[in-house]
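Going down the list, the protein sequences come from chains A and B. Numbering follows the numbering used here, with no gaps: position 205 of the first sequence is 1558. Numbering follows the numbering used here, with no gaps: position 151 of the second sequence is 146. Just so it is clear, CB atoms sit at the ideal spot from N, CA and C, and this is done for glycine as well.
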Amino acid sequence: MPRVRTAKTLAKRIDMQYFTRLHGFRRWRLVLSIALPVLAAGWLLAERASGNRVIYSSGPVSSAHAVFGQNCNLCHVRGASYSAAVPDKACLACHNAPVHNAHQAFTPSCGSCHLEHEGKLRMAETANAACTQCHANLYTKEGHPKFDSHVSGFDRKHPEFYPVRHGQFDPGTVNLNHHAHLQPTLRGPNGPVQMRCEDCHRPTGVNEPWPYSVAVVQPASQQPVVVPAAEVQQTKKRYAEIAAGPYMAPIKYVNQCAACHTLQFDPLIPEPAPHGKPEVVHAFIVEKIKQLVKASPELVHKPVTTGYKDQIEATRNYLRPALDYLVLPTVPTTPENWVSQRTEIAERVLWRKDCKVCHSQTTGEADKLPTSVKAFIPARWLADSEFDHQAHSMMTCESCHSGISGSKLTSDVNLPKIETCRRCHKEGGALKGAAEGRCYECHSYHDWRKEQPLKGKFDVNALRAGS
Amino acid sequence: MLIDSTHRVWIVGTAVALALGTAFYIPYALVSVRGPQGGSAVGIIYGSIGSALMLFAGLLGARKKVPVWRVGRATTWMRAHLWLGLLSFPFILFHSGFRLGAAPLTRWLMVLFIAVIVSGIFGAVLQHFLPRVITTRVPMETVYEQIDSICGQLLVEATTSATELWSALEGDLEQANPQQRAEAATAGTKGGVTFASAIGADEQFATTLHGFFDDEIRPYLVQHGGRGRVLADKDRTSATFQQFRILCPKDFWPRLNDLENICDEKRQLDRQRALHRVLHGWLLVHIPASYALLLLGAVHAVVALRY
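Given below as structure tokens:
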């Protein structure tokens, strides 16, 4: 009989109990549906048994906190509630972080700015939003903020640097003409020189001798001052890698000026006068002239001015003004009179010419010493931000301080404008093929000048518990 | 389930919810100090919404276990599973800040979640055209779980048909007289088709068919898929059986046709099996991964809310 395929024959082929048995596909589905959750649960249990809590961590901790290992409870302090979020007091147990500003209206929690569990990032590298949450619309508890109230980022809305804003000038009172000092035919202590920026401006921590220090012409009289880095660091740098020489060493007469602008006051006395207060200078001169006349009593019988003008002229050959006012004394009759006249001549040279080259001063009355105006050379221009010259040492000074070769006035502010910085520094940093442009690059939230010494509370066992 | 106009309400609802979630997320991501974080208040809200949606999508499995409960129509549940499950993905991404997660637990959660979502989307897309393909290409479609059983029955039917065919052929030979046997030695051409003389062909054909059944038909019916076999190819099968018809007296053609039809049905069932695996194979990823996801997600929620 040929095969007949009807609905009835087809129905008869069906195994009516097929659903009571698991077919291969359904069996696999069931097996996998059980196996995968069981595998997951087994994984969690195995990790728990081995004491590994890393699987629950939202990410690896920063390098600074890696020493804690898996001792989560050091930071995650469980309070009365279920939550074991990190309280500020857990951070302050190890970090004495000074407050930002006494007038700030809002103090964020440590963890809201410093992101932990983000891997080997430096936690000081905070997001811009940590700053702009206040500075984008700044207000203080009382009064008006002294800073720009609407700063939203370095690229977007950031005020021009305060010193270079319109109408600002250098408050320094020491006369300086950068243009003149950068001329190629400048006369130095040993002949013509071409000065360079680094002859006077160097980051702190550089121990090379200054080329125009007092040591060049007078090693024994005044030792060049090596300015320690700490002296100019008004805010504490938290970064070890830029601890040496972020700022320029302050200008000191003995370091940068003395070789050319000597304070020699008498051709017979090789030592120059000290660079100090007039009273100190006066006492030094009187003492030295007394010593001179004591060593050579025959000088009392000679005119004070013999050879004086020419010798001084030869010594200070860079001084152009005529020295006619030096010719005045008569032949003294007593050592005291000789000392007095010689001192008067020496001080005229200093007060009326040498000091005035740089200092504005009020000439005293006949029996009084002059008074110099305080130099007031700013040690740091941008007191509320940080700049690392060492980090920019691959660049020429003129690339940022572009107007320096034409600057003739002391009052010229020769800081670069913010646009100069923006050419390299952009928000997004390396992601935008640029240098870092976030707030923390220049600004520090904590006022580290107010940092207090911290007393440790952990021993090694407590620190490494669970690791 | 086909996504058609009956899904309009769900599509609109999902789009509106997604738009709202996005509208809140953008300013949150731009303004928040730390960037979008799962542990922030907003992040926890997004995570809670996403988890609730995932949990609801997971309830479909429980709903299927109790089909008689009056808790909504199955199609409604399926639509909710589809759209709310899909909606949970962007909400979880908003929760995580579009990060995969640095810790092993969160990373595995995202891997599982992506596996669940991708397999689900894959399955939903397949549902749109594969059933039609099965209907077209597998006219003899049967219950998937019955395929093995029916293949066994096809083997029985084929064996029966083949045995009957051999019996008939062998019976004819026994009854043939010497003249017929002599005539069987001759062959001729009729209408351009070469025919063997009936009795002579029967003897040779019975042997050939016997060998063919043992070497090809039986193994093919036993083997899953029949890959590489002559009978797995429809054209080659037709050609083979056409040759048999040439060699076989016309009286036996119905049984040959039966054998060919059995092979054809087996081929269709193999095709159904393959298509079914594609159509439902994603469930082997989707369902187990969903269970593991719900388990690890619960652990993640408990731990994350604490720390």
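- Go through its chain and collect everything with a Cβ distance to B:F123's Cβ below 8 Å, but skip five positions before and after it. Rather than Phe, the amino acid found at residue 123 of chain B in this sequence is His. So the qualifying residues of the chain are L(-3) and I(-2).
- Item | Against chain A: residues of the region 266 to 287 of chain B by CB proximity under 9 Å | Among the residues of the region 266 to 287 of chain B, those with a Cβ less than 9 Å away from any Cβ of chain A are H271, R272, H275, G276, L278, L279, V280, I282, P283, A284, S285, Y286 and A287, in the order of the chain.
- Message: I'd like to know whether the C-beta of A:D1800 is nearer than 8 Å to at least one C-beta of chain B.
- Response: Output row for A:D1800: interface = no.
- Residues bridged to A:A1788 by DSSP? Beta-bridge partners of A:A1788 (DSSP): A:H1778.
- Query: Do A:V1634 and A:W1691 have their C-beta atoms within less than 8 Å of each other?
  - Reply: For the pair A:V1634 and A:W1691, the CB atoms are not nearer than the 8 Å cut-off.
- Item | Option in B:I21, B:P85 and B:A14 with minimal Cα separation from B:G45 | Considering only alpha carbons, the answer is B:P85.
- Task: Assign A:A1675 to one of two classes, buried (16 or more other C-beta atoms within 10 Å of its C-beta) or exposed (fewer than that).
- Result: For A:A1675, the predicted structure reports a pLDDT of 42, less than 50, and the residue's modelled location is therefore unreliable. A value from the coordinates is still provided. Burial call: exposed.
- Query: chain B partners of A:D1441, CB-CB under 8 Å?
  - Reply: In chain order: nothing, as chain B lies at least about 15 Å away.
- Task: Out of B:I282, B:V106, B:L289 and B:A293, state which residue places its alpha-carbon closest to the alpha-carbon of A:R1379.
- Result: Selected option, being the one with the closest Cα: B:I282.
- Contact set between B:E136 and chain A, taken where Cβ atoms lie within less than 7 Å: Under the 7 Å cutoff, chain A gives no residues; its nearest Cβ is about 11 Å from B:E136.
- Query: Should A:M1369 go down as buried or exposed, given a rule of 16 or more other Cβ atoms within 10 Å for buried?
  - Reply: Answer is exposed; the Cβ neighbour count stays below 16.
- Could you spell out where the beta strand (DSSP E) holding A:P1625 opens and where it closes? Element bounds for A:P1625: n/a, residue is neither H nor E.
- Determine, using beta carbons only, whether A:Q1486 comes closer than 8 Å to chain B. True, the Cβ-Cβ gap to chain B drops below 8 Å.
- Mind checking whether B:Q32 and B:G96 have CB atoms under 8 Å apart? No, Cβ-Cβ distance for B:Q32 and B:G96 is not below 8 Å.
- Query: What's the call for A:N1528, buried or exposed, on a 16-neighbour Cβ count within 10 Å?
  - Reply: Burial check for A:N1528: the Cβ neighbour count within 10 Å stays below 16, so the residue is exposed.
- Query: For A:H1519, is the classification buried or exposed, using 16 other Cβ atoms within 10 angstroms of its Cβ as the cut-off for buried?
  - Reply: Around the C-beta of A:H1519, fewer than 16 other C-beta atoms lie within 10 Å, and the residue is accordingly described as exposed.
- Roughly how many angstroms separate the alpha carbons of A:N1560 and A:R1733, rounded to a whole number? If you draw a straight line from the Cα of A:N1560 to the Cα of A:R1733, it is about 21 Å long.
- Task: Compute the beta-carbon to beta-carbon distance between A:P1556 and A:Y1600, rounded to the nearest angstrom, for a pair I have assumed lies under 8 Å.
- Result: Confirmed, about 7 Å.
- Item | Boundaries of the beta strand (DSSP E) in which A:P1545 is found, first to last residue | If you look at A:P1545, you'll find it in the beta strand (DSSP E) that goes G1544 to V1546.
- Assign A:V1702 to buried or exposed, taking buried as 16 or more other Cβ atoms, counted over all protein chains shown, within 10 Å of its Cβ. When all chains shown are included, A:V1702 counts as buried.
- Query: Whose C-beta lies closer than 8 Å to the C-beta of B:L300 among residues of the same chain, with five residues either side of it excluded?
  - Reply: If we look at B:L300 and ignore the five residues flanking it on each side, its Cβ neighbours are I39.
- Check whether the Cβ atoms of B:L13 and B:L82 sit closer than 8 Å, and answer yes or no. Contact: yes.
- So, does the CB of B:L216 fall closer than 8 Å to a CB anywhere in chain A? Residue contact with chain A for B:L216: absent (no Cβ-Cβ distance below 8 Å to any residue of chain A).
- Task: Could you work out which residue in B:T70, B:Y41, B:R68 and B:L77 is closest to B:I6 when comparing CA atoms only?
- Result: Checking every option, the nearest Cα to that of B:I6 belongs to B:L77.
- Spatial neighbours of A:L1807 within its chain, please: CB distance less than 6 Å, with the 5 preceding and 5 following residues excluded, ordered by chain position. N1449.
- Message: I need the boundaries of the alpha helix (DSSP H) containing A:R1380, first residue and last residue.
- Response: Counting along the chain, the alpha helix (DSSP H) containing A:R1380 begins and ends at G1377 to A1402.
- Unbroken stretches of the alpha helix (DSSP H), 4 residues or longer, contained in the region 35 to 85 of chain B: If we require 4 residues or more, the alpha helix (DSSP H) runs fully inside the region 35 to 85 of chain B come out as 36 to 60.
- At which residues does the alpha helix (DSSP H) containing A:L1474 begin and terminate? No alpha helix (DSSP H) contains A:L1474, which DSSP labels as neither H nor E.
- Query: Pick from A:E1469, A:A1611, A:S1755 and A:L1645: whose alpha carbon is nearest that of A:D1707?
  - Reply: The shortest C-alpha separation from A:D1707 is found at A:A1611.
- Query: Going by the beta-carbon positions, is the gap between A:G1790 and A:H1778 smaller than 8 Å?
  - Reply: In terms of Cβ geometry, A:G1790 and A:H1778 form a close pair [threshold 8 Å].
- Is A:M1747 buried or exposed, if buried means 16 or more other CB atoms sit within 10 Å of its CB? Exposed is the call here.
- Task: Determine the direct distance from the alpha carbon of A:I1638 to that of A:I1698, and round the result to whole angstroms.
- Result: Whole-angstrom Cα-Cα distance: 11 Å.
- Of all the CB atoms in chain B, is at least one closer than 8 Å to the CB of A:A1818? Among the CB atoms of chain B, none fall inside 8 Å of the CB of A:A1818.
- Is it right to say B:K261 is buried, meaning 16 or more other beta carbons lie within 10 angstroms of its own, or is it exposed? With 16 or more other Cβ atoms from the protein chains shown falling within 10 Å of its own Cβ, B:K261 counts as buried.
- Query: Is the Cβ of B:D253 closer than 8 Å to any Cβ of chain A?
  - Reply: Yes, its Cβ sits closer than 8 Å to a Cβ of chain A.
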